[in-house]
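Just so you know, the sequences run in chain order Z and V.
Just so we're aligned, residue 1 is where the first sequence starts under this note's numbering, counting upward by one.
Just so we're aligned, residue 200 is where the second sequence starts under this note's numbering, counting upward by one.
The C-beta atom is built at its ideal place from N, Cα and C for all residues, glycine as well.
On a predicted model such as this, the values are computed, not experimentally measured, just so you know.
Below is one structure; the comments refer to it alone.
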Amino acid sequence: MLACASCHGMQGKGTNNDYFPRLAGKPSGYLYNQLIAFRDGRRRYPPMNYLLEFQPDAYLQAMANYFAAQRPPLPPPETPIVSQDILALGQSLVTHGDPARDVPACSSCHGASFTGMEPAIPGLLGLRPSYISAQLGAWRYGTRTAAAPDCMQIVAGHLTETDVTAVAAWLSTLPSPANPTPAPRGSLPMPLACGSEPN
Amino acid sequence: MGPFMGWVRSFRLQSMVLCWFVLTAGLGWLITSAHAQPIAPKAAADAAIVKQGEYLARAGDCVACHTVPGGKLFAGGRPMETPFGTLYSSNVTSDPATGIGKWSADAFYATMHIGRSRDSGLIYPAMPFGSYTKVTRADSDAIYAYLQSVPPVALPNKPHDLRFPYNNRSLLLGWRTLFFTEGTYRSDHTKSEEWNRGAYLVEGLGHCAMCHTAINALGGTSEAKAFQGGLIPMQNWYAPSLTSNKEAGLGDWSLADISDLLRTGISPRGAVYGPMAEVVYNSLQYLTDPDIRAMSVYLKSLAEGSPLVPATATVRVEETSLLMRLGKTVYDAQCASCHGGQGLGMPPQFPPLAANQSIQMESAVNPIRMVLNGGYPPGTIGNPRPYGMPPFAQSMSDDEVAAVVTYIRAAWGNRGTAISARQANELRTAPAD
Chain Z
1 MLACASCHGM QGKGTNNDYF PRLAGKPSGY LYNQLIAFRD GRRRYPPMNY LLEFQPDAYL
61 QAMANYFAAQ RPPLPPPETP IVSQDILALG QSLVTHGDPA RDVPACSSCH GASFTGMEPA
121 IPGLLGLRPS YISAQLGAWR YGTRTAAAPD CMQIVAGHLT ETDVTAVAAW LSTLPSPANP
181 TPAPRGSLPM PLACGSEPN
Chain V
200 MGPFMGWVRS FRLQSMVLCW FVLTAGLGWL ITSAHAQPIA PKAAADAAIV KQGEYLARAG
260 DCVACHTVPG GKLFAGGRPM ETPFGTLYSS NVTSDPATGI GKWSADAFYA TMHIGRSRDS
320 GLIYPAMPFG SYTKVTRADS DAIYAYLQSV PPVALPNKPH DLRFPYNNRS LLLGWRTLFF
380 TEGTYRSDHT KSEEWNRGAY LVEGLGHCAM CHTAINALGG TSEAKAFQGG LIPMQNWYAP
440 SLTSNKEAGL GDWSLADISD LLRTGISPRG AVYGPMAEVV YNSLQYLTDP DIRAMSVYLK
500 SLAEGSPLVP ATATVRVEET SLLMRLGKTV YDAQCASCHG GQGLGMPPQF PPLAANQSIQ
560 MESAVNPIRM VLNGGYPPGT IGNPRPYGMP PFAQSMSDDE VAAVVTYIRA AWGNRGTAIS
620 ARQANELRTA PAD
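Structure, rendered in structure tokens:
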């Protein structure tokens, strides 16, 4: 996995680059789905599409399993560069959602401590705000998609740009949880159906 | 995405189309539409022939163009971008309405042998019928039988999106007159049966010439320049010469090393990346040991007699050179842990750079791209978990890329030329996939 380290850090712990995400500890089903999507071009990022183009499923599964099992320490929380109002909006959306706009709380699927859920819902910790903003934006504009029903596309479609900034900023301030392991499969009652997370 | 072969063919198409355009003045030919072919009653396909056909379809790498990545097998629709518009590969499943379910074996052979489609007359030469014309009727019939066994997928062919005048298929007649020679492979009786089998596979189904023979100004290939290599501009990879030992000529390789490279993607002498990784991944890894060995025998013979090293080195290997000094610093920090301080690598997983032909070729495109984009050899049956090289585009400056590529081209007795920061920079925008 040395080839991955130059962008994703040793053990997939992430680097100080804004756009290369931490991989360590995300559920292997999630990582595998992303590797397959990059290989087959359903998730577009040319450097990743190129690297994975001629790799068989079994190898991609092994890569996913490796990074899912890693537990390097999380980076220190970010010092937010947004206002207290924006941070408060972020906290509210992340922990309570906005029922009036059909926005569920992030925690309802990604876990109360945001470590994700087996087999395919990623943890949200250790990711820089620019990365989270870029992904939510990509879902809003349809350039990132997942298996139907694509719940994240639905959720992101209900968010404004300010919401995205707020959610990304607040998530990046969270400290390491006591237990970084993703929640067990089926342990969270999901508010909407997701094609990637069979229940 | 990354239909590498598609890109390759796209570039060729671009040149070919240009050629048709040049030729169009004075051409008043009309195309007769495809011959109406009687449909032979389909006998129960013999399982052995179907199996043989599947094998031969692998050897021809049909899947690379006729299947969208992650899509239904052989349903076509894979786009091939060209400056003149977009070509889409066709549905070759057994679907009667949108595939080739209604085709006869005769009609299929006409496509393979003379580039004529049952549905739409002359075929654009992105389909390598210039190579497939060498395929025997028996092998064509086996591939036909196999494709008729592929589950039908109802997916209409997308019309090609070529702009006027390139959408005028009658221009193809001019191109064909100049560059297409019909004819099944003829054995060279002065050579061994194994050599001839290799030649049949390389020149026919393998269609290696699509990349490894340079095209001329009119978008055609010349037999005199067969397998002499060429740059693939739209894709920005260099397909090295197979006849020169200064490039990818295999004249001084052992048959075992050539076979390893073709079948597994790695070898003690080097590994395949980029477009050639696609060929190994989709095609060569599935071929039998005797066929791989036959191809190796033929490929080795192509370069026998070619000199092993250039007559003169053009870079002075002196530590005092600024470029070389920076290059060594970068190399020792970033590259030596895998490729070794003396460039010996740890073959076959970490390729050697010392005495590696592909590092020293006149075209430095491939080594520059490897440093910028990294890469994995293909994951194959013989090498299911290849070791990958990380990309350095995000962490090295143009000067550092130029220095380290110059260093590996000139250190340890290598005899390549220096490259500039500008050359490195130009390839940052090359399509990665």
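Using only the alpha-carbon positions, how far apart do Q61 of chain Z and Y32 of chain Z sit? Locating residue 61 of chain Z in the first sequence gives position 61, where the first residue counts as 1. Locating residue 32 of chain Z in the first sequence gives position 32, where the first residue counts as 1. Between Q61 of chain Z and Y32 of chain Z, the C-alpha separation is close to 6 Å.
Can you give me the C-alpha to C-alpha distance between E253 of chain V and G195 of chain Z, rounded to a whole angstrom? Sequence index remark: in the second sequence, residue 253 of chain V carries index 54 (1-based). Sequence index remark: in the first sequence, residue 195 of chain Z carries index 195 (1-based). Going by the C-alpha atoms only, they are around 34 Å apart.
Counting C-beta neighbours from all protein chains within 10 Å, is the total for I607 of chain V 16 or more, i.e. buried, or is it exposed? As a first step, residue 607 of chain V must be located in the second sequence, where it is residue number 408. That one is buried.
Going by alpha carbons, who is nearest to I248 of chain V out of V:V564, V:H359, V:A341, V:Y323? Within the second sequence, numbered from 1, the residue matching residue 248 of chain V stands at position 49. Of the listed residues, the one whose Cα sits closest to I248 of chain V is V:A341.
Got a sec: is the Cβ-Cβ distance from A296 of chain V to anything in chain Z below 7 Å? Residue 296 of chain V sits at position 97 when you count from the first residue of the second sequence. No - not a single Cβ of chain Z is within 7 Å of the one on A296 of chain V.
Any beta carbon of chain V sitting closer than 7 Å to that of A3 of chain Z? One-based indexing of the first sequence puts residue 3 of chain Z at position 3. Yes - at least one Cβ of chain V is within 7 Å of the one on A3 of chain Z.
Between the Cα of F54 of chain Z and those of V:P577, V:S386, V:M595, V:P551, spot the shortest distance and give me the residue it belongs to. As a first step, residue 54 of chain Z is located in the first sequence; it is residue number 54 there, counting from the start. Nearest of V:P577, V:S386, V:M595, V:P551 to F54 of chain Z, Cα basis: V:P577.
Quick one, which residues of the region 553–577 of chain V are near chain Z if we go by CB-CB under 7 Å, in chain order? N572, G573, G574, Y575, P577
For G526 of chain V, the first and last residue of its enclosing beta strand (DSSP E): The residue you call residue 526 of chain V lines up with position 327 of the second sequence. Looking at the DSSP string, G526 of chain V is not in any beta strand (DSSP E); the run it does join, the alpha helix (DSSP H), is 521–533.
Compute the beta-carbon to beta-carbon distance between A623 of chain V and V600 of chain V, rounded to the nearest angstrom, for a pair I have assumed lies under 8 Å. For the purposes of this step, residue 623 of chain V is identified with residue 424 of the second sequence, where counting begins at 1. For the purposes of this step, residue 600 of chain V is identified with residue 401 of the second sequence, where counting begins at 1. Contact between A623 of chain V and V600 of chain V holds, since their C-beta atoms are separated by about 4 Å, short of 8 Å.
Below 8 Å on the Cβ atoms is my guess for S107 of chain Z versus T95 of chain Z; work out the distance and round it to an integer in Å. Taking the first residue of the first sequence as position 1, residue 107 of chain Z is located at position 107. Taking the first residue of the first sequence as position 1, residue 95 of chain Z is located at position 95. Contact holds; Cβ gap of about 6 Å.
With 16 other Cβ atoms within 10 Å as the buried cut-off, status of E161 of chain Z: Along the first sequence, one-based indexing puts residue 161 of chain Z at 161. Note on E161 of chain Z: under 16 other CB atoms within 10 angstroms of its CB, so exposed under the neighbour-count rule.
Would you check if there are 3 or more beta carbon pairs closer than 8 Å linking the region 258–266 of chain V to the region 283–295 of chain V? yes
Please decide whether P21 of chain Z counts as near chain V, where near means a Cβ-Cβ distance under 7 Å. Reading the first sequence from its first residue, position 21 is the one you call residue 21 of chain Z. Not an interface residue.
For G225 of chain V and L371 of chain V, I'd like the C-alpha separation in whole angstroms. The residue labelled residue 225 of chain V in the question sits at position 26 within the second sequence. The residue labelled residue 371 of chain V in the question sits at position 172 within the second sequence. Note that G225 of chain V has pLDDT 31, beneath the 50 cutoff, so the model's placement of it is unreliable and the number below is only indicative. Taking the straight line joining both Cα atoms gives about 14 Å.
Quick one: using the 10 Å Cβ neighbour count with 16 as the cut-off for buried, is P589 of chain V buried or exposed? Within the second sequence, numbered from 1, the residue matching residue 589 of chain V stands at position 390. Looking at its Cβ environment, which holds 16 or more other Cβ atoms inside 10 Å, P589 of chain V is buried.
Helix, strand or coil, according to DSSP, for W436 of chain V in the structure here? As a working mapping, residue 436 of chain V is identified with position 237 in the second sequence. In the structure shown, W436 of chain V sits in a strand (DSSP, three-state: E or B).
What are the residues that DSSP puts in a beta bridge with F470 of chain V? As a working note, residue 470 of chain V is residue 271 in the second sequence. Correcting the residue identity first, residue 470 of chain V is Ala in this sequence and not Phe. Bridge partners of A470 of chain V: V:I465.
Alpha-carbon spacing of L483 of chain V relative to L571 of chain V, whole angstroms: Sequence index remark: in the second sequence, residue 483 of chain V carries index 284 (1-based). Sequence index remark: in the second sequence, residue 571 of chain V carries index 372 (1-based). The alpha-carbon atoms of L483 of chain V and L571 of chain V are separated by roughly 27 Å.
Tell me whether the region 42–56 of chain Z and the region 156–174 of chain Z touch, counting them as touching only if at least three CB pairs, one residue from each stretch, are closer than 8 Å. no
Neighbourhood of G262 of chain Z by C-beta, 7 Å cutoff - its chain only, sequence neighbours within 5 removed: This structure cannot settle anything about residue 262 of chain Z, because the visible part of chain Z is limited to 1 through 199.
Keeping to the same chain, check which residues put their C-beta closer than 6 Å to that of D102 of chain Z; ignore five residues upstream and five downstream. As a position in the first sequence, residue 102 of chain Z is number 102, starting the count at 1. Cβ neighbours of D102 of chain Z beyond the five flanking positions: H158.
Nearest chain Z C-beta to R462 of chain V closer than 7 Å, yes or no? Taking the second sequence and counting its residues from 1, one reaches residue 462 of chain V at position 263. It does not; no Cβ of chain Z falls within 7 Å.
I81 of chain Z, DSSP secondary structure in three states: Stepping through the first sequence from its first residue, residue 81 of chain Z is reached at position 81. Reduced to three states, the DSSP call for I81 of chain Z is coil.
Which chain Z residues are close to M588 of chain V, counting only those with a beta carbon under 8 Å from its beta carbon? Residue mapping note: residue 588 of chain V aligns to position 389 of the second sequence, counting from 1. Neighbours of M588 of chain V on chain Z, chain order: A3.
Rounded to the nearest angstrom, how far is the Cβ of G314 of chain V from that of Y365 of chain V, given a contact under 8 Å? Here residue 314 of chain V refers to the residue found at position 115 when the second sequence is read from its first residue. Here residue 365 of chain V refers to the residue found at position 166 when the second sequence is read from its first residue. Not confirmed; about 17 Å, so no contact.
List the whole-angstrom C-beta distance separating C151 of chain Z from L93 of chain Z, where the pair is believed to meet the contact cut-off of C-beta under 8 Å. Numbered from its first residue, the first sequence carries residue 151 of chain Z at position 151. Numbered from its first residue, the first sequence carries residue 93 of chain Z at position 93. In fact, because the Cβ distance is near 16 Å, the residues do not count as touching under 8 Å.
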